[in-house]
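S.K.: Quick one: this structure, given as structure tokens, is what I'll be asking you about.
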Amino acid sequence: AGVPFAILRYPGMFHGFYSMVTVLEGAKHATADAHAALREALHTG
């Protein structure tokens with residue numbers, strides 16, 4: 002489709018880990034990465 006994308010892996014994490022941000026360090030990192038990507042994608046100036 003010609004759109005930019007990124008693949009990030011979080012070793013040791015399991016399916017659904019993202020929703021466990023209060024207990025898993027990997028989920029905290031994934032959330033921070035997602036927030037940073039959204040900020041960059043939506044930044045207008």
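Here the sequence shown is numbered in the numbering used here, starting from 2 and rising by one per residue. Even glycine gets a Cβ: it sits at the ideal position worked out from N, Cα and C.
Residues in its own chain within less than 8 Å of M1 by CB, not counting five upstream and five downstream?
M.R.: Residue 1 is absent from the structure shown; the chain starts at 2 and stops at 46.
S.K.: Looking only at its own chain, which residues have a Cβ that is under 8 Å from the Cβ of F18, when we skip the five neighbours before and after it?
M.R.: Contacts found: Y11, L25, G27, A28, A31.
S.K.: Give the range of the alpha helix (DSSP H) segment to which L39 is assigned.
M.R.: Taken as a continuous stretch (DSSP letters only), the alpha helix (DSSP H) holding L39 covers 26 to 43.
S.K.: Taking just the CA atoms, how far does A7 sit from H36?
M.R.: Their backbone Cα atoms lie some 13 Å apart in a straight line.
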